[in-house]
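Respectively, the protein sequence lines represent chains A and B.
So my numbering is basically just the index in the first sequence, starting at one, shifted up by 604.
So my numbering is basically just the index in the second sequence, starting at one, shifted up by 262.
Positions of the beta carbon are idealized from the N, C-alpha and C atoms, including for glycine.
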Amino acid sequence: MTKYIINRFLQLVLVFFIFLVSSYLLFNAMPGDAFTSLLLNPQLPPDAYEKTIALYGLDKPLSERVILYVQNFFKGDLGYSYRYYPKSPIELIAERLPRTLMLFALVNITSVYLGFVVGKILAWRRGTKSETWLTLTSVFSYTVFYPWFALLMLWFFGYKMGWFPIGKFLYPEKWYDAPFDSDVIFMLMIKFTTIATIIQFISYVFTRKIESLNTRRNARVASLFLIFVGGYIFWNTGDALLKKPYAADIAYHMILPTLVVTVLAFAGTALLTRTTMMEVLKEDYIQTARAKGLSQKRIRDRHAARTALLPVVTSFIFTIVTIIDGSVLTEQIFSWPGMGQLLLQSVLNEDIPVAMAAFSFVGIFALIGHFVADISYAYLDPRIRIKSQG
Amino acid sequence: MDNSLNEKEIQKRVRKEAIKRNWLLFRQSTLGMIGISIIFFFFILAILQPILFMTGVWDEGVYHPVVGYEELKVNLLVVECPDEYPTQKYESVGDCPGDGEITQRQIYNPNINPEVGDIHESLLQPSPPSSRHLLGTDSLGRDIFSQIMEGSQVAFILGLMSAIIGVSISTLLGTIAAFYGGRVDAYLMRQSDLVLMLPSLPFLFIVSAFAELKIWHLAVVLGMIGGLGGSVITIKSQALQVKVKPFVDSARITGGSNMKIIFSHILPNVAPLALLFMVFSVTGAIASESTLSFLGLLNIEMSWGIMIYLSQTDGYIFSGMAYWWLILPAGLAVTFLSGGFYLVGRGLDDVFNPRLRKR
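Put into structure tokens, the structure is as follows:
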């Protein structure tokens, strides 16, 4: 297992180098010598021009420039934004990354979990009249043109019903005299969510072995309850009490994007889980389990669903990039000022240093996600686990 | 001579029967048939437009999706809105001016000064659906139905082209990787790992923002991304299964060259899977094109994505269902066509490879 992880990690590093170099070449191949011509922007002070030329080695041959770029990247020295001049791309990204992480993590956890549960139930109720209709609905939700659907939801819930705010991630008027940066709140919220998720995950792992289904469910509900109580105490004491209204403001803005993306994203997982579950249900050991007289729910949850989980994780590995793509669009539509919006705007404004840095960071994001999914896949699939041990 | 002719005839018959059998299998899948009929519907739309223009049923000046224009006028009663609500006529601020009415302030033309109670003749843009314009016109007076037709031409051209490019690349590479193995295989697999990890939408943003993409370019780019990515891995694993079949060995023993074995023995057996990938990748290509057009990044004149982009930038999306013909047709067209291809893919999935895991 360790060998496998190390192997994958080395591959990851190699792939990242290739990614970095090829993304530089991509930007370099832009017509019209984009770097220098855009530097003539009159809003930039003259020293920025010289600094950028020196930093990127724009007067040197291509091979040296590439090496210089990679070196600079690891030094964290990425020049200056053309648009927000005194700021560096790293500062801009550091400001926006927490916002993306927060939304991204929340949306994906909910949608994958929900998709798995729904797919499980869909497969179990196979043959009922509603099956074709349910599948059609899932297909609709899977192939619906996402920006269009999101805008319609935004119109309906945000404008017509007025339940949720339209766009942005906070009400600026609430934050005029706020003693904190929004990023401080974001970091706190991320910490809170992470800890809560870890607790729930641990409770899942520990309760896996419990035989009685009722006890197991009760244990899980109890841990969820514990998290709620803990969260309530956490947000009502000391430092966090001051930050609570601001955190609530952000959370309120997060509801609609999460809802919309979950409704759309769960369908893919649900359809896949349904297919694999139906194949698993044909296996002999399911017959055996039925013959033993086990309860339906136990067969579904403990015998079939666990095997069906594997392909779902595989597909998650394949689609993790798609999810990142989706989050870029989500941010654009809900005016959520995160990484995706930064990337899109910098590309549209031809702010090359920021675009390069943002693209590289999105790449890192994808690589790490891929890596984690790969490792967890190896952990889940006994064939890989045993092969790498032997 | 006689013998080879016979062989060809037998091949032909076998192929015919295989197609017939597969079609029978495919027809059993309800979802697949729904998909086929959706695709057929849009195909009719796509070829109907040029026919209508050529036969002169539609005048290009009026119905052209990009430059067509028709002046539709409507008579409005000039009214004055009260300062306080509710009054006898109006319940709240939102009710004034009502249907068929206009206030003096809303007439932007300084040359005319209508009194209250006059009839004002105003341009009707966007105009609601009528017998002349089946789905109404947009804010520039262009026919929406014609735009939908144009959009389906774009979607078909782009989707099929990029799918064909992508699938030919991935089938070829996958077969080569399986056949030669060793270093070629390792290199090709690492390459598709890399492409698989490429965040494709940001990548497309960058490419399309700096280079002016036309449909043709976009099809090539999408085809390359799709063709070098994960499908190579799946096709390789299928080709590996074919490679160990006895007929490949016998072809090698009878002295078939590598090229001959790859092209006439392995490729035909991988083809069903490739077809499946092709159908699924059409879905992705249509969605990508619409997304990029929706963000205003493509240099094309008309597509479903651009229609949604226009209705958003003109602010009609937040006007709700009052202007439904600007909002619903384009979005539903994208959804249904890519859904149609997806359903056909699932139907084919049942036919060729019941155990294949693909979504």
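Residue i classed as buried or exposed, judged by whether at least 16 other C-beta atoms fall within 10 angstroms
i	result
leucine 845 of chain A	exposed
proline 649 of chain A	exposed
proline 941 of chain A	buried
glycine 379 of chain B	exposed
isoleucine 528 of chain B	buried
serine 816 of chain A	exposed
glutamate 346 of chain B	exposed
threonine 516 of chain B	exposed
tyrosine 689 of chain A	exposed
isoleucine 281 of chain B	exposed
threonine 399 of chain B	buried
alanine 584 of chain B	exposed
glutamine 1008 of chain A	What is shown of chain A runs 605 to 994, which leaves residue 1008 of chain A out entirely.
valine 577 of chain B	The sequence given here places glycine at residue 577 of chain B; valine does not occur at that position. So glycine 577 of chain B ends up on the exposed side.
8 Å Cβ cut-off: residues of chain A touching residue i
i	result
glutamine 500 of chain B	Simply none; closest approach about 16 Å.
alanine 549 of chain B	Thr747, Phe749, Tyr750
tyrosine 604 of chain B	Val743, Tyr746, Thr747
Coarse secondary structure for residue i, derived from DSSP in three states
i	result
histidine 395 of chain B	coil
asparagine 284 of chain B	helix
aspartate 787 of chain A	helix
asparagine 375 of chain B	coil
threonine 934 of chain A	helix
histidine 857 of chain A	helix
serine 519 of chain B	coil
serine 408 of chain B	helix
threonine 365 of chain B	strand
asparagine 561 of chain B	coil
asparagine 822 of chain A	helix
glutamate 383 of chain B	strand
asparagine 840 of chain A	coil
leucine 502 of chain B	helix
leucine 885 of chain A	coil
valine 613 of chain B	helix
Distance between beta carbons of residue j and residue i, contact taken as under 8 Å
i	j	result
glycine 491 of chain B	valine 457 of chain B	4 Å
isoleucine 570 of chain B	phenylalanine 556 of chain B	5 Å
alanine 912 of chain A	methionine 881 of chain A	4 Å
serine 291 of chain B	alanine 425 of chain B	Actually they do not touch by this definition, with Cβ atoms about 21 Å apart.
methionine 451 of chain B	isoleucine 497 of chain B	Going by Cβ atoms, the distance from methionine 451 of chain B to isoleucine 497 of chain B rounds to 12 Å, so no, they are not a contact pair.
valine 916 of chain A	leucine 876 of chain A	6 Å
threonine 656 of chain A	glycine 683 of chain A	5 Å
leucine 828 of chain A	glutamine 804 of chain A	7 Å
serine 389 of chain B	glycine 330 of chain B	Actually they are not in contact, since the Cβ atoms of serine 389 of chain B and glycine 330 of chain B sit about 13 Å apart, beyond 8 Å.
isoleucine 562 of chain B	isoleucine 477 of chain B	6 Å
phenylalanine 870 of chain A	leucine 756 of chain A	With a Cβ gap of about 18 Å, phenylalanine 870 of chain A and leucine 756 of chain A do not count as contacting.
alanine 727 of chain A	arginine 878 of chain A	5 Å
phenylalanine 539 of chain B	serine 430 of chain B	Not confirmed; about 11 Å, so no contact.
Own chain residues within Cβ distance below 6 Å of residue i, not counting five before or after
i	result
valine 951 of chain A	Ala959
alanine 823 of chain A	Thr811
valine 884 of chain A	Ala908, Thr911, Ala912
threonine 862 of chain A	Leu710, Val711
lysine 335 of chain B	Glu383
isoleucine 301 of chain B	Gly602
glycine 558 of chain B	Tyr571
Residues near residue i by beta carbon distance below 7 Å, same chain, minus five either side
i	result
isoleucine 770 of chain A	Leu758, Gly762, Tyr763
asparagine 712 of chain A	Ile927
Neighbouring residues, chain A, relative to residue i (Cβ below 7 Å)
i	result
serine 552 of chain B	Phe749
glycine 601 of chain B	Val743, Phe744, Thr747
proline 461 of chain B	Val925, Ile928, Asp929, Val966, Gly967, Ala970
isoleucine 579 of chain B	Leu755, Trp759
glutamine 574 of chain B	Leu755
Sequence-distant residues of the same chain with beta carbon closer than 8 Å to residue i, five excluded per side
i	result
glutamate 363 of chain B	Leu338, Leu339, Val340, Val341
leucine 307 of chain B	Ile410, Met411, Ser414
proline 702 of chain A	Asp787, Phe790, Met791, Ile794
leucine 946 of chain A	Leu696, Ile697, Arg700, Val958, Ala962
glycine 609 of chain B	Phe288, Ser291, Leu293, Gly294, Met295, Gly297, Ile298
Within chain A, the residues that residue i reaches when beta carbons sit closer than 9 Å
i	result
threonine 399 of chain B	Residues of chain A passing the Cβ test: none, with the nearest at roughly 20 Å.
glycine 582 of chain B	Trp759, Phe760, Tyr763, Lys764
valine 596 of chain B	Thr747, Val748, Phe749, Trp752
Chain B residues whose Cβ lies nearer than 7 Å to that of residue i
i	result
phenylalanine 963 of chain A	Pro464, Ile468
isoleucine 622 of chain A	Leu456
alanine 995 of chain A	Outside the modelled stretch of chain A, which goes from 605 to 994, sits residue 995 of chain A, for which no answer is possible.
Within chain B, partners of residue i - CB distance below 9 Å
i	result
glutamine 936 of chain A	Leu557
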